[in-house]
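Asks: Can you keep this structure in mind? I'll have questions shortly.
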Amino acid sequence: MVELTVPYESRMEEAHAFKEGKYLDLIKELKKDGYEAKIMPVEIGARGFVGSSAYGLLSKLFICGNKRTKALRLLAETAENSSR
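Counting in the numbering used here, the sequence shown runs from 104 upward without gaps.
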């Protein structure tokens, strides 16, 4: 489960922890029912700063090289434009 958050850059860590906690009960319930589940909060700052969580997500999805660079740029531009 991926949760995209667009916080101010000064609140990236706080936003990450909040989103992890928000879905903790759901993840536990899914695992109890036999599913494999993981929450992956991804933060892209309101001014386009890309958090390390975005790199981690793209790596887990096997997106690397030029494709990762392009995806990160698009994420940053979209976050910046949507926060205006």
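Every residue, glycine too, gets a C-beta built ideally from N, C-alpha and C.
1. Just checking, does the segment 152 to 159 make contact with the segment 174 to 186 on the three C-beta pairs under 8 Å criterion?
2. Output yes or no for whether 8 Å exceeds the beta carbon distance between V105 and A149.
3. If we ignore side chains and look at the alpha-carbon of each, how far apart do Y158 and E183 end up?
4. Return the first residue and the last residue of the beta strand (DSSP E) that L107 is part of.
5. Helix, strand or coil: how does DSSP classify D139 here?
6. Since I130 and K141 are thought to touch, with beta carbons under 8 Å apart, how far apart are those beta carbons, to the nearest angstrom?
7. Please state the DSSP three-state secondary structure of I130.
8. Rounded to the nearest angstrom, how far is the Cβ of E139 from that of A118, given a contact under 8 Å?
Replies: Taking the structure as given:
1. Touching, per the Cβ criterion.
2. No, the Cβ-Cβ distance between V105 and A149 is not below 8 Å.
3. Cα to Cα, Y158 sits roughly 18 Å from E183.
4. Its beta strand (DSSP E) spans residues V105 to T108.
5. Going by the sequence as given, residue 139 is Glu instead of Asp. Under the three-state reduction of DSSP, E139 is assigned to coil, being neither helix nor strand.
6. Their Cβ separation, rounded to whole angstroms, is 7 Å, which keeps I130 and K141 in contact under 8 Å.
7. Three-state DSSP puts I130 in a helix.
8. Actually they are not in contact, since the Cβ atoms of E139 and A118 sit about 25 Å apart, beyond 8 Å.
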